[in-house]
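Residue numbers (this note's numbering), protein chains in the order written: chain A, 5 to 580; chain B, 737 to 846.
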Amino acid sequence: MTANDPHRLRRVVVACVLMLGFVGVLCRLFTLQVLQAAELTARADRQHRKTVTVEGSRGGIYDRQGKVLAINMDVPSVFGVPASLENPSGVARDLARVLHVKADEIERKLRQERSFVWIARKLDPEQGRSLEGLSLEGIGTVMEGRRFYPKGPLLAHVLGFSGMDGQGLEGIERRYDSFLRGEKQLVVLQRDALGRTVFPKGLNEQAPSPGRSVVLTIDEVIQYIAEKELDEAVAATRAKGGVAVVMEPRTGAVLALAISPKFDPNAVRAVSPDRWRNRALTDAYEPGSTMKVFIAAAALEEKVMDPGTLIHGENGQMTVAGTVIHDHEKSGWITFSQVIQKSSNIGAAKTAMALGEERVHRYIRAFGFGEKSDIDLPGEAAGLVKETKHWGRRSLASMAIGQEIGVTALQLVTAVSAVANGGWLMKPYVVSEVHDGKGQAVVQNGPQVRRRPISVETAKTLTGILEGVVTNGTGGKAAVPGYRVAGKTGTAQKIDPQTGAYSPTLFVGSFTGFVPAEDPRLAIVVIIDEPHAEAWGGVVAAPVFRRIAEQALPYLGVSSRAPVKLAMAMGPEEAP
Amino acid sequence: MKTVAFAVVMVLLLLYVWERVDIVRVGYQVERLKSKKVALQRESDELRVKVSALTAPERIAHAAADKLGMMPPGQGQIVLVRVETTLPTNAGPAMPELRLAKNEVGGRMP
Chain A
5 MTANDPHRLR RVVVACVLML GFVGVLCRLF TLQVLQAAEL TARADRQHRK
55 TVTVEGSRGG IYDRQGKVLA INMDVPSVFG VPASLENPSG VARDLARVLH
105 VKADEIERKL RQERSFVWIA RKLDPEQGRS LEGLSLEGIG TVMEGRRFYP
155 KGPLLAHVLG FSGMDGQGLE GIERRYDSFL RGEKQLVVLQ RDALGRTVFP
205 KGLNEQAPSP GRSVVLTIDE VIQYIAEKEL DEAVAATRAK GGVAVVMEPR
255 TGAVLALAIS PKFDPNAVRA VSPDRWRNRA LTDAYEPGST MKVFIAAAAL
305 EEKVMDPGTL IHGENGQMTV AGTVIHDHEK SGWITFSQVI QKSSNIGAAK
355 TAMALGEERV HRYIRAFGFG EKSDIDLPGE AAGLVKETKH WGRRSLASMA
405 IGQEIGVTAL QLVTAVSAVA NGGWLMKPYV VSEVHDGKGQ AVVQNGPQVR
455 RRPISVETAK TLTGILEGVV TNGTGGKAAV PGYRVAGKTG TAQKIDPQTG
505 AYSPTLFVGS FTGFVPAEDP RLAIVVIIDE PHAEAWGGVV AAPVFRRIAE
555 QALPYLGVSS RAPVKLAMAM GPEEAP
Chain B
737 MKTVAFAVVM VLLLLYVWER VDIVRVGYQV ERLKSKKVAL QRESDELRVK
787 VSALTAPERI AHAAADKLGM MPPGQGQIVL VRVETTLPTN AGPAMPELRL
837 AKNEVGGRMP
């Protein structure tokens with residue numbers, strides 16, 4: 005290169021341009037790498053990493069035999085991106101065929117000026133597979149956990165149901181929600197340029213734990229028997245509804261809890277919320293003559309009466325505090341046993357008067373009336389037992405015949421269980437165990453004694469009297485062939501909401517008892533609300549008791565009174 | 737000597753690059769297997785729901801009565817056999833273990 009080099013200027017210009025270019029690149033590099041480093045690093049992280057909240061699946065609910073009653077399953081939910089749709093009406097028509105929803109409704113959603121719209125959530129798996137076949141542009145699916153109740157309406161009032169976001173709203177689903185819910189966990193995913201997940205940040209990261217499983221004391225088969233028989237009775241008597249509760253008297257474990265009418269927890273919105281109520285716990289009613297069982301228990305325990313004590317029946321009519329108490333059967337001198345067996349109102353009223361206010365109130369409370377039993381289900385009512393200072397002149401007689409008192413079906417079956425098991429008032433329960441995914445028990449419920457209202461001798465004597473109700477009294481239709489049954493009928497007038505007085509046409513018929521009387525395995529209460537035509541508990545409720553017992557007892561392997569006996573030698577290792 | 741050192745450095749570099757590429761490849765494989773596991777889990781859950789629905793007592797009762805012509809056993813058709821045995825002396829208690837409810841400590845106990 006010389007001073008006269010004709011290309012010198014050109015080279016200098018090119019060098020300067022290149023220099024300027026490099027300076028520009030360096031400046032840009034400095035800006036990106038130093039000045040905007042933090043912001044750009046964060047943006048790159050956002051593009052390559054994705055943090056998602058993962059929730060373990062909700063735990064299942066099982067009956068005492070391990071049969072599935074509620075289970076979670078991942079199902080597709082469909083969403084649309086309206087901005088990327090060219091032909092919303094065509095897409096809506098295609099979707100409507102699969103989703104069984106009106107096309108107009110879907111089209112209205114797809115024409116909204118939004119970047120994301122839900123079209124249908126938590127579909128059936130079959131619908132999801134049909135949608136995959138359509139592969140529509142602008143329409144996508146995500147998987148969400150959906151609660152399934154495979155047995156439909158069976159045990160719906162105990163199971164309850166969970167909401168769209170998996171939270172328990174009623175029944176066991178609500179009471180045990182904290183156990184059933186799966187663990188929530190944040191997971192960081194690495195994504196490639198195409199948005200595909202490469203792998204989680206740490207390969208050793210554990211998946212979130214699923215919710216715990218709840219095992220009930222309910223037996224699916226006994227529950228089915230109770231529901232079937234109750235529904236048939238409610239339909240046959242054209243009643244407003246009914247309740248049947250089956251309890252194991254020795255433990256307080258609930259084997260079945262049936263409410264009529266039923267609902268399907270898979271489609272809760274199809275019925276009014278009023279139908280969801282577990283009436284066995286929430287609704288208190290005047291029990292009528294079934295209350296005589298507990299007045300009799302008090303009288304026997306306090307030795308005010310014995311089975312042979314004679315009481316005059318006043319020929320079916322007695323005036324108390326200016327009001328008349330009637331018996332449906334006129335009688336003269338009858339024994340205390342006959343008072344219960346014939347369900348004499350006058351005899352029961354006289355028994356209560358012999359006991360006095362304080363003792364009647366004390367025993368009614370001791371049998372658990374007027375207080376919550378603390379069962380592990382939500383919404384339990386305490387019922388109504390007035391303090392003696394609020395009693396009127398007729399209250400003592402009214403209490404004896406099951407008026408001026410409000411009890412729940414659960415309280416009634418728990419109290420009659422105390423007579424059945426020799427005097428122990430047990431705490432009722434429906435959940436026997438909660439266990440984690442490895443089968444390790446987290447919660448274990450067993451029999452719990454609340455108190456002992458009567459002695460074993462009183463319980464035995466009373467059982468004998470209650471057997472007479474079925475063999476010689478008002479409860480003949482509760483007799484189960486081959487088994488000894490003890491129980492009591494009840495027919496209570498309802499208060500007419502219009503007049504505020506007892507209605508001459510609205511009744512509640514009930515039967516409560518236990519079987520076999522000599523070694524009770526089942527305590528059952530059956531309540532039929534507002535039956536038409538005949539309303540007597542012995543006519544509408546006692547047959548339901550019999551049909552439940554005669555099917556449930558052989559199922560449980562309970563021998564009838566005259567079983568075939570086989571003598572057999574057995575070694576200690578074979579003993580049951 | 738220099739050539740050997742250069743070759744060793746190059747081999748190490750290639751090994752490093754190969755390792756990184758392989759990690760990504762295994763990552764994709766893990767993701768594919770995880771997706772497969774999720775799909776199988778969903779299928780298993782779906783089958784459990786189906787089994788549970790098909791074994792519902794109401795469905796079985798209807799199938800037994802309508803399809804097979806079965807009916808509930810009548811009185812005397814069930815004979816329960818009680819096996820009388822000489823139990824060993826250490827036989828367990830007949831009653832289950834009882835506990836006192838927490839809220840009833842003041843209750844009347846024998």
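Even for Gly, the Cβ is constructed at its ideal location relative to N, Cα and C.
What residues in its chain sit with their C-beta under 8 Å from that of PRO547(A), if we drop five residues either side in the sequence? Position 543 of the first sequence holds residue 547(A). So the qualifying residues of the chain are ALA237, LYS481, ALA482.
Using a Cβ-Cβ cut-off of 7 Å (strictly less than) and excluding sequence neighbours within five positions of MET807(B), which residues of its own chain qualify? One-based indexing of the second sequence puts residue 807(B) at position 71. ALA801.
Short of 7 Å in beta carbon distance, which residues of its chain neighbour ARG179(A), apart from the five on each side in sequence? Order them along the chain. For the purposes of this step, residue 179(A) is taken as residue 175 along the first sequence, with counting starting at 1. The answer, listed in chain order, is ASP380, LEU381, PRO382.
Complete alpha helix (DSSP H) runs within the stretch 346 to 379 of chain A (minimum length 4 residues, chain order): 349 to 359, 361 to 370
Please return the same chain residues whose Cβ sits closer than 7 Å to the Cβ of GLY63(A), not counting the five positions on each side in sequence. On the first sequence, residue 63(A) is found 59 positions in, with the first residue counted as 1. Answer for GLY63(A): PHE183, LEU184, PRO214, GLY215, ARG216, SER217, VAL218, listed in chain order.
Own chain residues within Cβ distance below 7 Å of GLU306(A), not counting five before or after: As a position in the first sequence, residue 306(A) is number 302, starting the count at 1. Answer for GLU306(A): LEU359, ARG363, listed in chain order.
Where TRP122(A) falls, given that 16 or more other Cβ within 10 Å makes a residue buried: One-based indexing of the first sequence puts residue 122(A) at position 118. With fewer than 16 Cβ atoms within 10 Å of its Cβ, TRP122(A) is classed as exposed.
Out of SER436(A), ASN270(A), VAL389(A), ARG454(A), point me to the one whose CA is closest to VAL446(A)'s CA. The residue given as residue 446(A) occupies position 442 in the first sequence. Minimum Cα distance to VAL446(A) is reached at SER436(A).
Kindly say whether ARG125(A), judged by its beta-carbon, lies nearer than 8 Å to any beta-carbon of chain B. As a position in the first sequence, residue 125(A) is number 121, starting the count at 1. Closer than 8 Å: no.
Where LEU261(A) sits in the DSSP three-state scheme: Looking up residue 261(A) in the first sequence gives position 257. LEU261(A) falls in the strand class under three-state DSSP.
Alpha carbon to alpha carbon, what distance is there between GLY317(A) and LYS334(A)? One-based indexing of the first sequence puts residue 334(A) at position 330. One-based indexing of the first sequence puts residue 317(A) at position 313. Spanning the two alpha carbons is a distance of roughly 7 Å.
Cβ contact check for the stretch 462 to 474 of chain A and the stretch 487 to 494 of chain A: 3 or more pairs under 8 Å: yes
Taking the C-alpha atoms as reference points, what is the distance between CYS31(A) and TYR752(B)? For the purposes of this step, residue 31(A) is identified with residue 27 of the first sequence, where counting begins at 1. For the purposes of this step, residue 752(B) is identified with residue 16 of the second sequence, where counting begins at 1. If I take the Cα positions, the gap works out to 32 Å.
Hey, out of THR145(A), ASP128(A), ARG454(A), MET322(A), whose CA is closest to ALA422(A)'s CA? Sequence index remark: in the first sequence, residue 422(A) carries index 418 (1-based). If we check each option's Cα against that of ALA422(A), ARG454(A) comes out closest.
What three-state label does DSSP hand TRP280(A) in the structure shown? For this step, residue 280(A) is matched to residue 276 along the first sequence. Note: TRP280(A) maps to helix in three-state DSSP.
With 9 Å as the limit, tell me which residues of the stretch 206 to 230 of chain A have their beta carbon closer than that to any beta carbon of chain B; keep them in chain order. LEU207, GLU224, VAL225, GLN227, TYR228, ILE229
With DSSP collapsed to three states, give me the class of ILE315(A). Counting from 1 along the first sequence, the entry for residue 315(A) is found at position 311. Reduced to three states, the DSSP call for ILE315(A) is strand.
Name the DSSP beta bridge partners of ASN76(A), please? The count along the first sequence starts at 1 and reaches residue 76(A) at position 72. Paired residues: ARG151(A).
Which residues of the stretch 148 to 174 of chain A have a Cβ closer than 8 Å to any Cβ of chain B? Give them in chain order. PHE152, PRO154, LYS155, GLY156, LEU158
Inter-stretch contact at 8 Å, needing at least 3 Cβ pairs: the stretch 428 to 444 of chain A / the stretch 294 to 304 of chain A: no
Going by alpha carbons, who is nearest to GLU538(A) out of LYS126(A), VAL79(A), ARG369(A), ARG242(A)? Residue mapping note: residue 538(A) aligns to position 534 of the first sequence, counting from 1. Of the candidates LYS126(A), VAL79(A), ARG369(A), ARG242(A), the one whose C-alpha sits nearest the C-alpha of GLU538(A) is ARG242(A).
Taking the straight line between their C-alpha atoms, what separation do you get for ALA262(A) and ALA211(A)? As a working note, residue 262(A) is residue 258 in the first sequence. As a working note, residue 211(A) is residue 207 in the first sequence. Taking the straight line joining both Cα atoms gives about 39 Å.
Output the boundary residues of the beta strand (DSSP E) element that contains ARG455(A). Taking the first residue of the first sequence as 1, we reach residue 455(A) at position 451. Run containing ARG455(A): 452 to 455, per the beta strand (DSSP E) assignment.
According to DSSP, TYR66(A) sits in a beta bridge with which residue or residues? Taking the first residue of the first sequence as 1, we reach residue 66(A) at position 62. According to DSSP, which records beta bridges pairwise, TYR66(A) is partnered with VAL72(A), VAL219(A).
Would you please verify whether the beta carbon of MET77(A) is less than 8 Å from any beta carbon of chain B? The count along the first sequence starts at 1 and reaches residue 77(A) at position 73. Taking Cβ atoms only, chain B reaches closer than 8 Å to MET77(A), which makes this a yes.
GLY142(A) to VAL95(A) span [Cα, whole Å]: Here residue 142(A) refers to the residue found at position 138 of the first sequence. Here residue 95(A) refers to the residue found at position 91 of the first sequence. If you take the alpha carbons of GLY142(A) and VAL95(A), they lie about 9 Å apart.
Using a Cβ-Cβ cut-off of 8 Å (strictly less than) and excluding sequence neighbours within five positions of SER134(A), which residues of its own chain qualify? As a first step, residue 134(A) is located in the first sequence; it is residue number 130 there, counting from the start. So the list reads VAL102, once near-sequence residues are dropped.
Counting pairs of beta carbons, one from the stretch 339 to 350 of chain A and one from the stretch 285 to 297 of chain A, are three or more of them closer than 8 Å? yes
From what residue to what residue does the alpha helix (DSSP H) around MET764(B) run? Reading the second sequence from its first residue, position 28 is the one you call residue 764(B). Residue identity differs from the one stated: residue 764(B) is Tyr in this sequence, not Met. TYR764(B) -> alpha helix (DSSP H) spans 738 to 790.
ALA248(A) and ASP223(A) - do their beta-carbons sit closer together than 8 Å? Here residue 223(A) refers to the residue found at position 219 when the first sequence is read from its first residue. Here residue 248(A) refers to the residue found at position 244 when the first sequence is read from its first residue. No, the pair does not count as a contact, with Cβ atoms beyond the cut-off.
In the DSSP assignment, find the beta strand (DSSP E) that holds THR509(A) and state where it starts and stops. Sequence index remark: in the first sequence, residue 509(A) carries index 505 (1-based). Here the beta strand (DSSP E) through THR509(A) covers 506 to 519.
Please report the straight-line C-alpha distance between ARG844(B) and LEU416(A), rounded to a whole angstrom. Numbered from its first residue, the second sequence carries residue 844(B) at position 108. Numbered from its first residue, the first sequence carries residue 416(A) at position 412. No answer about ARG844(B) holds up, because its pLDDT of 39 lies below 50 and its placement is not dependable.
May I ask you to list, following chain order, the residues of the stretch 67 to 98 of chain A that have a beta carbon less than 9 Å from some beta carbon of chain B? LYS71, VAL72, LEU73, ILE75, ASN76, MET77, ASP78, VAL79
Measure the CB-CB distance between PRO157(A) and ALA792(B) and report whether it falls below 8 Å. Here residue 157(A) refers to the residue found at position 153 when the first sequence is read from its first residue. Here residue 792(B) refers to the residue found at position 56 when the second sequence is read from its first residue. No, Cβ-Cβ distance for PRO157(A) and ALA792(B) is not below 8 Å.
So, is VAL146(A) buried or exposed, given that buried needs 16 or more other C-beta atoms within 10 angstroms? On the first sequence, position 142 is the one that residue 146(A) refers to. Counting Cβ neighbours within 10 Å, VAL146(A) comes out exposed, since fewer than 16 surround it.
Which residues in chain A sit within 9 Å of VAL740(B), going by Cβ to Cβ distance? Stepping through the second sequence from its first residue, residue 740(B) is reached at position 4. Under the 9 Å cutoff, chain A gives no residues; its nearest Cβ is about 36 Å from VAL740(B).
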